Amino acid sequence: MKLPPMRLSDLPYKTPATVVEVEDAADSDPIARRLRDLGFVHGEPVRVVAHGPFRRDPLLVQVGFTRFALRRAEAQRVRVTPDAA
Amino acid sequence: MTAMENVLHIALVGNPNSGKTALFNRLTGSRQKVANYAGVTVERKEGRYTSPTGRSVRVLDLPGTYSLNATSPDEAVTRDVCMGRFEGETRPDLLVCVADATNLRLHLRFVLELQRLGLPMVLALNMCDAAAKRGIRIDVEALQAGLGMPVIETVAIRHRGTSELVRRLDGPLPPPTAMPVAPGADLHAEVSRLLATAVTVPRRTARIDDALDRFFLHPVFGLAILSVLMFFMFQAVFAWAAPLMDGLDAGVSAVGAMLANVVPPGLLHSLLIDGLIAGVGSVVVFLPQILILFLFILFLEESGYLPRAAFLLDRLMVGAGLTGRSFIPLLSSFACAVPGIMAARTIQDPRDRLATILVAPLMTCSARLPVYALLIAAFIPKQQVLGAFNLQGLVLFGLYFSGIVGALVVAWVMKKIRKDQNEHALLLELPSYRMPNPIDIAIGLWERAMIFLRRVGTIILSLTVLLWLMSSFPAPPDGATGAPIDYSFAGIIGHAIQPLFAPLGFGWEICVALVPGMAAREVAVSALATVYALSSTGDDAAGQLLPIIAGQWSLPTALSLLAWYVFAPQCVSTLAVIRRETESWRTVALAAGYLFGLAYLASMLTYQIARLLT
Numbered sequence: 006m007k008l009p010p011m012r013l014s015d016l017p018y019k020t021p022a023t024v025v026e027v028e029d030a031a032d033s034d035p036i037a038r039r040l041r042d043l044g045f046v047h048g049e050p051v052r053v054v055a056h057g058p059f060r061r062d063p064l065l066v067q068v069g070f071t072r073f074a075l076r077r078a079e080a081q082r083v084r085v086t087p088d089a090a
Numbered sequence: 043m044t045a046m047e048n049v050l051h052i053a054l055v056g057n058p059n060s061g062k063t064a065l066f067n068r069l070t071g072s073r074q075k076v077a078n079y080a081g082v083t084v085e086r087k088e089g090r091y092t093s094p095t096g097r098s099v100r101v102l103d104l105p106g107t108y109s110l111n112a113t114s115p116d117e118a119v120t121r122d123v124c125m126g127r128f129e130g131e132t133r134p135d136l137l138v139c140v141a142d143a144t145n146l147r148l149h150l151r152f153v154l155e156l157q158r159l160g161l162p163m164v165l166a167l168n169m170c171d172a173a174a175k176r177g178i179r180i181d182v183e184a185l186q187a188g189l190g191m192p193v194i195e196t197v198a199i200r201h202r203g204t205s206e207l208v209r210r211l212d213g214p215l216p217p218p219t220a221m222p223v224a225p226g227a228d229l230h231a232e233v234s235r236l237l238a239t240a241v242t243v244p245r246r247t248a249r250i251d252d253a254l255d256r257f258f259l260h261p262v263f264g265l266a267i268l269s270v271l272m273f274f275m276f277q278a279v280f281a282w283a284a285p286l287m288d289g290l291d292a293g294v295s296a297v298g299a300m301l302a303n304v305v306p307p308g309l310l311h312s313l314l315i316d317g318l319i320a321g322v323g324s325v326v327v328f329l330p331q332i333l334i335l336f337l338f339i340l341f342l343e344e345s346g347y348l349p350r351a352a353f354l355l356d357r358l359m360v361g362a363g364l365t366g367r368s369f370i371p372l373l374s375s376f377a378c379a380v381p382g383i384m385a386a387r388t389i390q391d392p393r394d395r396l397a398t399i400l401v402a403p404l405m406t407c408s409a410r411l412p413v414y415a416l417l418i419a420a421f422i423p424k425q426q427v428l429g430a431f432n433l434q435g436l437v438l439f440g441l442y443f444s445g446i447v448g449a450l451v452v453a454w455v456m457k458k459i460r461k462d463q464n465e466h467a468l469l470l471e472l473p474s475y476r477m478p479n480p481i482d483i484a485i486g487l488w489e490r491a492m493i494f495l496r497r498v499g500t501i502i503l504s505l506t507v508l509l510w511l512m513s514s515f516p517a518p519p520d521g522a523t524g525a526p527i528d529y530s531f532a533g534i535i536g537h538a539i540q541p542l543f544a545p546l547g548f549g550w551e552i553c554v555a556l557v558p559g560m561a562a563r564e565v566a567v568s569a570l571a572t573v574y575a576l577s578s579t580g581d582d583a584a585g586q587l588l589p590i591i592a593g594q595w596s597l598p599t600a601l602s603l604l605a606w607y608v609f610a611p612q613c614v615s616t617l618a619v620i621r622r623e624t625e626s627w628r629t630v631a632l633a634a635g636y637l638f639g640l641a642y643l644a645s646m647l648t649y650q651i652a653r654l655l656t
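Chains as they are written, first to last, in the working numbering: chain A, 6 to 90; chain B, 43 to 656.
So this is what it looks like as structure tokens:
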């Protein structure tokens with residue numbers, strides 16, 4: 006069963022997922038480019054492992070062996086598919 | 043490299059949190075020079091060591107970088123130096139790529155990107171001990187073959203952990219790899235291929251990190267721990283620094299007194315004691331606070347906690363146009379804006395850093411307390427309000443609170459009016475927790491102390507002497523009756539600006555005291571004592587001043603002066619450190635200008651409203 010893609014910012018806490026792609030928010034978006042450099046690329050497993058205490062922002066995302074804090078606007082650029090249980 | 047000068051230029055380059063600086067410290071020990079790269083406020087660290095065969099090796103510790111697609115000035119420096127197009131920097135003969143052995147998925151991508159530059163390279167596989175502990179097995183031979191460059195295991199935090207690297211660098215340079223990943227090819231896919239052949243990882247994260255993060259990043263416990271830590275840090279800065287500062291103060295005074303006995307009274311006497319010694323004193327007295335504060339900050343940074351604090355507070359700070367990383371510098375500024383502004387170095391993004399530096403002087407530093415204490419004691423009655431609160435305490439709280447609100451408003455306004463309205467990313471890596479290495483912390487402290495004494499100290503000292511000159515010359519004419527300062531340039535300026543300050547309720551006495559009071563806020567008390575020609579300008583100056591100002595000033599004037607001190611940049615040290623940290627007189631002018639403007643406005647409003655009400 007394949008689940009529909011969603012945005013990383015909407016991914017429920019601790020749900021394993023796989024990166025589909027990073028979308029540019031504008032033409033030649035440096036933040037999207039940096040996200041790709043940091044390992045947000047197709048097929049990479051990701052998980053939201055914590056939220057900031059205020060308005061659940063920023064998100065702490067595990068990608069590869071690394072954890073990155075992403076603000077919601079940054080996480081919105083990443084499209085993911087939740088892994089089927 | 044020419045055969046004539048047998049110096050090998052190497053550069054350490056790698057991702058942030060790869061243990062690059064620890065490796066640099068281990069290689070070069072105390073033979074380091076810290077400065078800035080020409081034209082940018084990016085820290086440049088160079089050191090040297092002599093190889094076993096007697097070759098001199100110069101090591102450049104390049105700023106930590108994720109990618110050659112630079113997104114900040116420090117990343118641009120790394121890119122330009124590696125490409126040999128940074129003016130005034132020699133292109134390195136060899137790059138030592140530093141990668142964290144526990145974080146190869148991220149770090150190897152940058153190694154592959156650097157390989158395309160065609161420089162001789164070696165890979166230092168750092169923190170191999172931590173990787174082994176986590177059960178990560180790395181087949182060094184296979185990795186070496188896959189990358190086409192020498193791979194050397196290092197443990198930068200251990201004494202002999204770099205000897206293998208030093209030995210390899212002593213031999214002939216390895217040739218640049220014959221087969222870099224083709225331009226356009228996917229580096230991530232190549233990393234995955236390398237990992238599959240050379241690395242086995244039982245678990246993607248360290249158990250200890252997961253466990254600690256559950257605590258430290260918890261919405262409730264996390265904030266509670268942060269509050270306790272910050273409270274402890276703040277206490278330590280005040281409690282531990284105070285005796286040291288008093289000791290330094292006493293030492294400086296003792297030297298002054300000794301000189302006073304030797305040098306006959308007169309101009310030289312005054313220059314030495316009131317100018318130079320007082321100037322040196324006003325510089326070194328900051329040192330204990332700076333060292334203690336940076337001891338904490340370095341410990342928090344090295345242990346990996348600092349980015350966690352930024353994570354917890356980012357949302358709050360973003361609302362005001364700052365970033366999570368602004369928190370520590372701003373909190374430090376409650377002790378003193380000088381170390382606070384220096385601590386803003388931990389903010390990579392130049393726009394966020396500038397915003398933090400500009401609002402840091404609004405935090406109520408400890409030097410404002412003597413002024414507040416004098417005025418509150420003289421004008422605010424000791425009475426209870428609403429049953430439980432002391433009116434004097436409430437006023438003091440109000441002053442602190444005004445500073446914070448002022449900073450938030452200023453940061454927010456700056457966010458609205460600045461030209462660069464682009465989205466700036468957080469994209470903050472939370473590294474593994476680590477036990478800080480005492481030697482690395484000691485080296486970090488030493489660097490901060492030197493930067494402060496050498497760079498900031500010289501500006502502070504010269505400005506203090508200048509203020510002394512202005513307060514001492516010209517000397518009063520024979521038969522003059524007023525206080526000598528009244529006839530000096532400071533006096534003349536004070537009298538001249540008095541009409542400007544009349545709407546604020548400041549008499550000429552206050553205006554004259556404001557001039558030497560630029561040296562430091564607490565100097566205002568002794569400067570007032572000088573203006574009122576008190577016999578004593580020492581410790582009991584406040585005691586003698588109290589009845590005088592209580593009798594002569596009106597309440598609106600006192601409140602207005604309090605409001606002035608919440609905002610006014612009455613501190614050359616702060617302006618000097620802003621100059622040093624931003625390398626820009628324009629920023630200094632901007633900071634001083636807006637602070638004076640704000641102070642003027644606040645004082646005028648306070649004075650006029652208080653006059654209507656009383």
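C-beta: ideal position from N, C-alpha, C; glycine also. These numbers were taken from a predicted model, which means no experiment stands behind them.
> The beta strand (DSSP E) with T365 of chain B in it runs from where to where?
Replying inline: From DSSP, T365 of chain B is part of no beta strand (DSSP E); its letter is neither H nor E.
> What is the DSSP secondary structure of S577 of chain B, reduced to helix, strand or coil?
Replying inline: Any reading at S577 of chain B is ruled out, since the residue's pLDDT is 49, under 50, leaving its predicted position unreliable.
> Are A141 of chain B and G56 of chain B touching if we call contact CB-CB under 8 Å?
Replying inline: yes
> Apart from the five residues on each side of it in sequence, which residues of its chain come closer than 8 Å, Cβ to Cβ, to M46 of chain B?
Replying inline: Legend: pLDDT at M46 of chain B = 42, less than 50; position of this residue unreliable, value from coordinates given subsequently. If we look at M46 of chain B and ignore the five residues flanking it on each side, it has no Cβ neighbours.
> Once you ignore the five residues that flank Q426 of chain B on each side, which residues in its own chain have a CB closer than 8 Å to its CB?
Replying inline: N432, L433
> Under 8 Å, do F257 of chain B and P63 of chain A count as touching if we go by C-beta distance?
Replying inline: no
>> Quick check on S577 of chain B - is its C-beta less than 8 Å from some C-beta in chain A?
In response: In this predicted model, S577 of chain B has a pLDDT of only 49, less than 50, meaning its place in the structure is not dependable enough to derive any value.
> Start and end of the alpha helix (DSSP H) containing E79 of chain A?
Replying inline: 77–80
>> I want to verify the contact list: residues of chain B whose CB lies under 8 Å from the CB of T23 of chain A, in sequence order.
In response: What T23 of chain A touches in chain B: nothing, since even the nearest Cβ is about 14 Å away.
>> For I502 of chain B and P214 of chain B, what's the separation of their Cα atoms in angstroms?
In response: 49 Å
>> In the DSSP output, what is Y649 of chain B paired with across the bridge?
In response: DSSP lists no partner for Y649 of chain B.
> Out of B:E85, B:G440, B:V294, B:V573, which has the shortest C-alpha to C-alpha gap to P115 of chain B?
Replying inline: B:E85
> Mind checking whether Y108 of chain B and L43 of chain A have CB atoms under 8 Å apart?
Replying inline: yes
> How is the alpha helix (DSSP H) around D40 of chain B delimited, first residue to last?
Replying inline: Residue 40 of chain B lies beyond the residue range present for chain B, which begins at 43 and ends at 656; the question has no answer from this structure.
>> Looking at the strands, I want to know which residues DSSP matches up with S98 of chain B.
In response: B:V49, B:T92
> Is it right to say L656 of chain B is buried, meaning 16 or more other beta carbons lie within 10 angstroms of its own, or is it exposed?
Replying inline: Note that residue 656 of chain B is Thr in the sequence shown here, rather than Leu. Its Cβ having fewer than 16 others within 10 Å, T656 of chain B is exposed.
>> For A281 of chain B and F274 of chain B, what's the separation of their Cα atoms in angstroms?
In response: 10 Å
>> By the DSSP assignment, the beta strand (DSSP E) with A55 of chain A in it spans what residues?
In response: 50–59
> For Y262 of chain B, which of helix, strand or coil comes out of DSSP?
Replying inline: A quick correction: the sequence has Val, not Tyr, at residue 262 of chain B. Three-state result, V262 of chain B: coil.
> Whose Cβ in chain A lies nearer than 9 Å to the Cβ of D356 of chain B?
Replying inline: G57, F59, D62, P63, A74, R76
> Sorted by chain position, which residues of the same chain lie with C-beta nearer than 6 Å to V208 of chain B's C-beta, five sequence neighbours on each side aside?
Replying inline: none
> Opposite K75 of chain B in the DSSP bridges: which residues?
Replying inline: B:E88
> Could you give the distance in angstroms between the alpha-carbon of L268 of chain B and the alpha-carbon of M300 of chain B?
Replying inline: 47 Å
> Should L373 of chain B be listed as close to the ligand SAM, given that the test is whether its C-beta is under 7 Å from any heavy atom?
Replying inline: Summarising the ligand content, the structure contains no ligands, and the ligand SAM is consequently not present.
>> From the DSSP secondary-structure annotation, give me the bridge partner or partners of P87 of chain A.
In response: A:A22
> Between R210 of chain B and L159 of chain B, what straight-line distance do the alpha-carbon atoms span, to the nearest angstrom?
Replying inline: 21 Å
> Whole-angstrom Cβ separation of T629 of chain B and L396 of chain B, contact assumed at under 8 Å?
Replying inline: 7 Å
>> I'd like to know whether the C-beta atoms of P480 of chain B and S345 of chain B end up nearer to each other than 8 Å.
In response: no
>> For a contact defined as C-beta to C-beta under 7 Å, what are the partners of T83 of chain B on chain A?
In response: None at all; the shortest Cβ gap to chain A is about 21 Å.
> Which of the residues in the region 109–138 of chain B, read from start to end, lie with their CB under 8 Å from any CB of chain A?
Replying inline: S109, N111, T113
> Can you name, in chain order, every residue of its own chain whose Cβ lies under 7 Å from the Cβ of P423 of chain B, other than the five neighbours on each side?
Replying inline: L433
> What is the DSSP secondary structure of C139 of chain B, counted as helix, strand or coil?
Replying inline: strand
>> Given this structure, state the Cα-to-Cα distance separating Y529 of chain B from L508 of chain B, to the nearest angstrom.
In response: 16 Å
> Name the chain B residues whose beta carbon is nearer than 7 Å to that of R84 of chain A?
Replying inline: Near R84 of chain A there are no residues of chain B at all, since even the closest Cβ is about 17 Å away, more than 7 Å.
> Are the region 408–419 of chain B and the region 632–649 of chain B touching, with three or more C-beta to C-beta distances below 8 Å?
Replying inline: no
> Taking three-plus beta-carbon pairs below 8 Å as touching, is the region 563–576 of chain B in contact with the region 544–554 of chain B?
Replying inline: yes
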